[in-house]
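Participant: Residue numbers (my numbering): 223 to 798.
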Amino acid sequence: MCSETPLLSCNLPGIEHSSRQFNFNAMAVPNHNEVTVKAKCEPSFEAEATDTPPATAPQLKPLSWVLVMIALLTSLFLFALDNTIVANVQPDIIGTLGEIEKLPWVSVAFALGGIATDLPWGQVYGHFENKSLFLGSVLVFEVGSAVCGAAPTLNAFIIGRAICGVGGMGIYLGVINMVSALTTEVQRPMYMGLVGLTWGIGTILGPIIGGAFADNSAATWRWSFYINLCIGGAVAPIYVFVIPRLDPRAGPAGTTTTTTLLSRTKSLDALGGILSAGAITTLIMGISFGGSLYAWKSATIIALFITSLALWSLFVAQQAFSICTSPSTRLFPTPLLRHSPEMNILFVQMALAQIPVMLPIYFLPLLFQFAKGDSALQSGVHLLPFVLILVFAVMLNGALMAQFGFYMPWYLLGSILALVGSALLYTISAETSTARIFGYSVLTAFGAGLYSQAGFAVAQVKVPSAQLSQAVAYIGVGQIGGIALALTLAESIFLNQATARISTLLPEESRSDIQAAILGAKAELFGRLGAVVSRQVLDAIVRSLNDVFVMMIVASGLSVLLAGGLKRERLFGLKG
223 MCSETPLLSC NLPGIEHSSR QFNFNAMAVP NHNEVTVKAK CEPSFEAEAT DTPPATAPQL
283 KPLSWVLVMI ALLTSLFLFA LDNTIVANVQ PDIIGTLGEI EKLPWVSVAF ALGGIATDLP
343 WGQVYGHFEN KSLFLGSVLV FEVGSAVCGA APTLNAFIIG RAICGVGGMG IYLGVINMVS
403 ALTTEVQRPM YMGLVGLTWG IGTILGPIIG GAFADNSAAT WRWSFYINLC IGGAVAPIYV
463 FVIPRLDPRA GPAGTTTTTT LLSRTKSLDA LGGILSAGAI TTLIMGISFG GSLYAWKSAT
523 IIALFITSLA LWSLFVAQQA FSICTSPSTR LFPTPLLRHS PEMNILFVQM ALAQIPVMLP
583 IYFLPLLFQF AKGDSALQSG VHLLPFVLIL VFAVMLNGAL MAQFGFYMPW YLLGSILALV
643 GSALLYTISA ETSTARIFGY SVLTAFGAGL YSQAGFAVAQ VKVPSAQLSQ AVAYIGVGQI
703 GGIALALTLA ESIFLNQATA RISTLLPEES RSDIQAAILG AKAELFGRLG AVVSRQVLDA
763 IVRSLNDVFV MMIVASGLSV LLAGGLKRER LFGLKG
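1) The alpha helix (DSSP H) that contains Cys546, what's its start and end?
2) When you compare the stretch 583-602 with the stretch 531-547, are there three or more beta-carbon pairs, one atom per stretch, that lie closer than 8 Å?
3) If we count Cβ pairs, one from each stretch, closer than 8 Å, do we get three or more for the stretch 651-671 versus the stretch 579-596?
4) Whole angstroms is fine: what's the gap from Leu298's alpha carbon to Ala762's?
5) Go through the stretch 606-667 residue by residue and report every complete run of the alpha helix (DSSP H) that reaches 4 residues or more, in order.
6) Taking the alpha carbon of Ile650 as the point to measure from, which residue in Ser367, Leu767 and Phe716 has its own alpha carbon closest?
7) From the DSSP output, in three-state form, read off Tyr584 for me.
8) Can you give me the Cβ contacts of Ile705 inside the same chain, cut-off strictly under 6 Å, excluding the 5 residues immediately before and after it?
9) Flag this pair as yes or no: are the beta carbons of Phe511 and Pro326 separated by less than 8 Å?
10) Quick one: give me the first and last residue of the alpha helix (DSSP H) that Ser520 is part of.
11) Across which residues does DSSP place Arg792 in a beta bridge pair?
12) Looking only at its chain, what residues have a beta carbon closer than 8 Å to the beta carbon of Val782, apart from the 5 residues adjacent to it on each side?
13) Could you check the C-alpha separation between Ala261 and Val616 for me, to the nearest Å?
14) DSSP three-state call for Gly348: helix, strand or coil?
15) With distances taken from CA atoms, which of Asn305, Ala753 and Glu713 is nearest Asn450?
16) According to DSSP, is Gly194 part of a helix, a strand, or is it coil?
17) Using three-state DSSP, classify Gly366 as helix, strand or coil.
18) Return the CA-CA distance between Ala777 and Leu568, expressed in angstroms with no decimal places.
19) Suppose you measure from the CA of Ala695 to the CA of Leu553; what does that come to, to the nearest Å?
20) Please state whether the Cβ-Cβ distance between Leu319 and Ala403 is less than 8 Å.
21) Let me know if Lys799 comes out buried or exposed under the rule of 16 or more other beta-carbons within 10 Å of its beta-carbon.
22) Given this structure, state the Cα-to-Cα distance separating Leu780 from Leu484, to the nearest angstrom.
23) Does the beta-carbon distance from Ile509 to Leu711 come in below 8 Å?
24) Could you tell me which residues DSSP puts in a beta bridge with Gly512?
25) On the premise that Gly454 lies in contact with Val360, defined as a C-beta separation below 8 Å, what is that separation, rounded to the nearest angstrom?
26) My output table needs one value for Trp443: the three-state DSSP class, helix, strand or coil.
27) Thinking C-alpha only, which one of Arg410, Ile502, Ile398 and Phe356 is nearest Gly389?
28) CB-CB under 6 Å to Ile724, same chain, minus the five flanking residues each way: which ones, in chain order?
29) Would you call Gly498 buried or exposed, if buried means 16 or more other Cβ atoms sit within 10 Å of its Cβ?
30) Return yes when the Cβ of Ile292 is within less than 8 Å of the Cβ of Ile460, no when it is not.
31) Run the CB neighbour count on Arg753, radius 10 Å, all protein chains shown included, and call it buried at 16 or more, exposed below.
32) Near Ala501, what residues of its chain come up, given a Cβ to Cβ distance below 7 Å and the 5 sequence neighbours on each side ignored?
33) Helix, strand or coil for Thr721? Go by DSSP, reduced to three states.
34) Please state whether DSSP places Tyr696 in a helix, a strand or coil.
35) Alpha carbon to alpha carbon, what distance is there between Ala670 and Gly643?
36) Tell me the DSSP secondary structure of Arg733 in three-state form.
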């Protein structure tokens, strides 16, 4: 039993009013002395033994809290921006650096750097002081941005993108971990809503900002990456002097930990990190390059899939039998799966939600460019209705879910709306008006926004506080992995389907030239076609985009079904 305990100490759905009054303004500066609860210490599932209790988060003055949030959200914004900023600048990059046959690497390298290091970053954040790790991840990200901006060759640019992905994933998990540590359970959904809001704004503004730089002959596409250095440098003093030190393995306030740096390092699951990174990398490469760089039946693609399967098998065995690790230090948070089946639903829901969020961001600009004749900047601007509604829905979820407490209805209603919107997008043709496209996209955005970020807040309430970083990493794998796989599959489907259809219309053109024209690097190929053939090519491209929207329909439909498996419980707020 526990009597009066800080809210971060007992992660329970059953929370009663204490004698103190709680300010329901979730945007107030967190003060752990102001929120206490009476509850039974009955965690959602049994945690594996840990040798140190969770640390008590330091209290911040109002101005310091505001500055910390600005700095954290700014860094997250830059990572999110980089996630999609190449969507509209790829033709310009190829025009400058050449080697169009390596074009898939431009987007794949960034995703690989992020998803392959997600689990290792999550474990590291659970073992070492968070501020130092966060500063290191920011530095890695800025180095990668500098390499991209100054890249003399496409190979250098690809390396820079991979470095950005590694550093960006560290930023992402660092922000979530620190926001979680500095807020209470009741406040956390609202602040996680802000995190999701920032992520969504950055992700969706990527094509707009990238297109603006690409259309500006003075700035060029290189400033799409140099801008990270400018903004990062502006907030660097806050990173260094204001963000508090948060040690997840330190003792409660007034005590010190006995764990040494060496013992913490030894507790990391290095073998698990290597196996998972290899398995993810080979899988993403196989999906991305199949049908574009190499034929699906080629020895290269077959070898990638076989290698991925072998590495996944080894990783599962290594985690199951704790090979070169221990049950309490395994990379993958197996207790979350074994003791809380609902965590698996939250994981899958997080991955599925990224499909109706990300695919419109990448493929609606293509629709506007081909069907409406938009420039790169104009097509990005046409995403603004989608952006604004998505942002509103994420904020609405963060604010109201924290107040009313129930989370299952958000998943059910959101996925139904996303399903309807996705089905309407599937009906788009070259003649569909811009207004109707806006209407279909905002319906999809509103639905997806209602549940696309909810998993982080829900998962963290369902686990003991000692496993917050594991829960964050686990749900983070679902989000980043969902984005990486969704974009990889969608790009492969669109490019292969469009190439096949256009090849039948233009049999004299090479497959590589057709793909380059589809991606915008050789737009003059379509420009010299006659009116009839040009119309047929446009129809082929739109039909291929419809094939991509099928993924959204399937993902949203699965989300509707999975929502029925979530508990009808009040997890947030206070029960009176």
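A virtual CB, placed ideally from N, CA and C, is assigned to each residue, including glycine.
Facilitator: Looking at the coordinates:
1) Walking along the sequence shown from the start, residue 546 turns up at place 324. For Cys546, there is no enclosing alpha helix (DSSP H), as DSSP marks it with neither H nor E.
2) Touching, no.
3) Yes, they touch.
4) Within the sequence shown, numbered from 1, the residue matching residue 298 stands at position 76. Within the sequence shown, numbered from 1, the residue matching residue 762 stands at position 540. Looking at the two C-alpha atoms, the distance is approximately 37 Å.
5) Within the stretch 606-667, the runs of alpha helix (DSSP H) that reach at least 4 residues and sit entirely inside it are, in chain order, 606-626 and 630-648.
6) Here the question's residue 650 lines up with position 428 in the sequence shown. Ranking the options by Cα distance to Ile650, first place goes to Leu767.
7) Along the sequence shown, read from residue 1 onward, the residue named residue 584 stands at position 362. DSSP places Tyr584 in helix when its eight states are reduced to three.
8) Taking the sequence shown and counting its residues from 1, one reaches residue 705 at position 483. Closer than 6 Å at the Cβ level, and outside the excluded window around Ile705, lie Gln576 and Met580.
9) Against the sequence shown, residue 511 aligns to sequence position 289. Against the sequence shown, residue 326 aligns to sequence position 104. Yes, Cβ-Cβ distance for Phe511 and Pro326 is below 8 Å.
10) Here residue 520 refers to the residue found at position 298 when the sequence shown is read from its first residue. From DSSP, Ser520 is part of no alpha helix (DSSP H); its letter is neither H nor E.
11) The count along the sequence shown starts at 1 and reaches residue 792 at position 570. Listed as beta-bridge partners of Arg792 by DSSP are Phe628.
12) The residue given as residue 782 occupies position 560 in the sequence shown. Apart from the 5 residues on each side of it in sequence, Val782 sits with its Cβ closer than 8 Å to the Cβ of Leu634, Ser637, Ile638 and Leu641 in its chain, given in chain order.
13) Reading the sequence shown from its first residue, position 39 is the one you call residue 261. Reading the sequence shown from its first residue, position 394 is the one you call residue 616. Residue placement at Ala261 is poorly supported in this model, since its pLDDT is 37, which falls under 50; the coordinates still yield a value, given next. Each residue's Cα considered, the two are about 30 Å apart.
14) Taking the sequence shown and counting its residues from 1, one reaches residue 348 at position 126. Here Gly348 sits in coil by DSSP.
15) As a position in the sequence shown, residue 450 is number 228, starting the count at 1. Cα-wise, what sits closest to Asn450 is Asn305.
16) It is not possible to answer for residue 194, since the shown part of the chain is limited to 223 through 798.
17) Residue numbering aside, residue 366 sits at position 144 when the sequence shown is read from its first letter. For Gly366, the three-state secondary structure derived from DSSP is helix.
18) Locating residue 777 in the sequence shown gives position 555, counting from the first residue. Locating residue 568 in the sequence shown gives position 346, counting from the first residue. Straight-line measurement puts the Cα of Leu568 at about 14 Å from the Cα of Ala777.
19) For the purposes of this step, residue 695 is taken as the residue at position 473 of the sequence shown. For the purposes of this step, residue 553 is taken as the residue at position 331 of the sequence shown. Distance between the alpha carbons of Ala695 and Leu553 is about 10 Å.
20) Numbered from its first residue, the sequence shown carries residue 319 at position 97. Numbered from its first residue, the sequence shown carries residue 403 at position 181. For Leu319 and Ala403, no; Cβs fall outside 8 Å.
21) Since the displayed the chain opens at 223 and closes at 798, residue 799 lies outside it and no answer follows.
22) On the sequence shown, position 558 is the one that residue 780 refers to. On the sequence shown, position 262 is the one that residue 484 refers to. In a straight line, the C-alpha of Leu780 is about 45 Å away from that of Leu484.
23) Taking the first residue of the sequence shown as 1, we reach residue 509 at position 287. Taking the first residue of the sequence shown as 1, we reach residue 711 at position 489. Yes. Within cutoff.
24) Within the sequence shown, residue 512 is the residue found at index 290, counting from 1. Answer is Tyr516, bridged to Gly512.
25) Position 138 of the sequence shown, counted from the start, is the residue given in the question as residue 360. Position 232 of the sequence shown, counted from the start, is the residue given in the question as residue 454. Right, their Cβ atoms sit about 6 Å apart.
26) As a first step, residue 443 must be located in the sequence shown, where it is residue number 221. The answer is coil: DSSP assigns Trp443 none of H, G, I, E or B.
27) Mapped onto the sequence shown, residue 389 falls at position 167. Among Arg410, Ile502, Ile398 and Phe356, the Cα nearest to that of Gly389 belongs to Phe356.
28) Within the sequence shown, the letter at position 502 stands for residue 724. So the list reads Ile736, Val759 and Ala762, once near-sequence residues are dropped.
29) Position 276 of the sequence shown, counting from 1, holds the residue named residue 498. Residue identity differs from the one stated: residue 498 is Ser in this sequence, not Gly. Taking a 10 Å sphere around the C-beta of Ser498, we find 16 or more other C-beta atoms and assign the residue as buried.
30) The residue you call residue 460 lines up with position 238 of the sequence shown. The residue you call residue 292 lines up with position 70 of the sequence shown. Contact check for Ile460 against Ile292 passes: the beta carbons are separated by less than 8 Å.
31) Indexing the sequence shown from 1 puts residue 753 at position 531. The question names Arg, yet the displayed sequence has Ala at residue 753. Counting every other CB atom within 10 Å of its CB across the protein chains shown gives Ala753 a total below 16, marking it as exposed.
32) Walking along the sequence shown from the start, residue 501 turns up at place 279. Within the same chain, and ignoring the five residues on either side of Ala501 in sequence, the residues whose Cβ sits closer than 7 Å to its Cβ are Ser530, Leu533, Trp534 and Phe537.
33) Position 499 of the sequence shown, counted from the first residue, corresponds to residue 721. Of the three classes helix, strand and coil, the one that applies to Thr721 here is helix, per DSSP.
34) For this step, residue 696 is matched to residue 474 along the sequence shown. When secondary structure is reduced to three states using DSSP, Tyr696 falls in the helix class.
35) Taking the sequence shown and counting its residues from 1, one reaches residue 643 at position 421. Taking the sequence shown and counting its residues from 1, one reaches residue 670 at position 448. Answer to the nearest angstrom: the Cα atoms are 10 Å apart.
36) Start at 1 with the first residue of the sequence shown, and residue 733 comes out as number 511. In the structure shown, Arg733 sits in a helix (DSSP, three-state: H, G or I).
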